[in-house]
């Protein structure tokens, strides 16, 4: 009896294994279908907790980060906090002159004449609200963009370049392409500092950065766009806007999506050199996030 059942059992095992193997390929095919008629270069990296659950498309292409690099900057600041060169509680004075750069800044909107904020508050504004005044102040505190780039490289994230702060980058359209990452490196930067396997961040700094990333409210129509309302996402967006020729240099969203079953996956979608409308770029990201959610949620 057992011998007669064995071929049948083996058949179902093979069918099950084949279907599981096909599902990640199905996800990749469905993403290609989203991208096939889009006039844009799109880098995609999706990584689950099982290495087999990985999809990359244009994963090694250098693409501009825009404000995505504020996540990397915050990590470099927290590294100096952990080395006791800086303190999250220290007060930092922002003068009216510091605020006078015409870049996006919720800090300036709230404190038009200047203010004193803690380092923790400035990081929160910079990451969660993508504040450019806070960003450039943090660059000055840590020693400039090269310090951030060196920190990332020394942390094993080599396919990334940080060359210019926001004020310089936004003054010259072409310079955004020198602040680049790859989709694969973007996911690695999320994974290394979230899983924190080698203790790159102290327990306190780890809790702080991921609480801040989860509070990010920008990009409501990107990764979050098609996901269930209460989905927890720790993410950072980046957006160049359009140039005079109607080209979007970067419209990005990268982050960690947490599932109801307690698992999570990493997702980086970098939309570059797009001639599509901004809503189309957002939908590209949202559609890929929803496909990824469906794949991991039904495993």
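Residue numbers (the UniProt record's numbering): 1 to 299.
Glycine included, each C-beta is placed from N, C-alpha and C at the ideal position.
Counterpart residues of residue i in DSSP-defined beta bridges
i: residue 228; result: Answer by DSSP bridge pairing: none, since residue 228 is not bridged.
i: residue 64; result: 180
i: residue 236; result: 254
i: residue 43; result: 270
i: residue 117; result: 92
i: residue 133; result: According to DSSP, residue 133 bridges with nothing at all.
i: residue 38; result: Answer is none; residue 38 lacks a bridge partner.
i: residue 160; result: 181
i: residue 242; result: 248
Within-8 Å CB hit, residue i to chain D
i: residue 75; result: This model lacks chain D altogether; it includes just one protein chain.
Nearest-angstrom Cβ-Cβ length linking residue i and residue j, presumed shorter than 8 Å
i: residue 159; j: residue 191; result: Between residue 191 and residue 159 the Cβ distance is about 14 Å, and since that is not below 8 Å, they are no contact.
i: residue 46; j: residue 265; result: 6 Å
i: residue 282; j: residue 38; result: Residue 282 to residue 38, Cβ: 12 Å. No contact.
i: residue 317; j: residue 237; result: There is simply no residue 317 to check, as the chain begins at 1 and stops at 299 in what is shown.
i: residue 166; j: residue 103; result: 6 Å
i: residue 119; j: residue 86; result: 6 Å
Selected residue, minimal CA-CA separation from residue i, among the options
i: residue 137; options: 122, 150, 168; result: 122
i: residue 352; options: 241, 244, 237, 214; result: Shown here, the chain extends from 1 to 299; a query on residue 352 therefore has no answer.
i: residue 68; options: 132, 208, 292, 291; result: 132
i: residue 145; options: 186, 70, 60; result: 70
i: residue 268; options: 234, 246, 111, 274; result: 234
i: residue 40; options: 285, 88, 290, 272; result: 272
i: residue 124; options: 293, 89, 225; result: 89
i: residue 134; options: 105, 176, 51; result: 105
Range covered by the alpha helix (DSSP H) that runs through residue i
i: residue 292; result: 278-297
i: residue 107; result: 106-110
i: residue 81; result: 69-82
i: residue 171; result: 166-171
i: residue 154; result: 145-154
Residue interval of the beta strand (DSSP E) (run including residue i)
i: residue 57; result: 54-57
Residue i Cβ short of 7 Å to the ligand NAD heavy atom set
i: residue 83; result: As for the ligand NAD, it is missing from this structure, which has no ligand bound.
Runs of alpha helix (DSSP H) lying entirely within the stretch 244-272, each at least 4 residues, in chain order: none
Pick out the complete alpha helix (DSSP H) segments inside the stretch 173-220, 4 residues or longer, and give them in chain order. 183-195, 203-214
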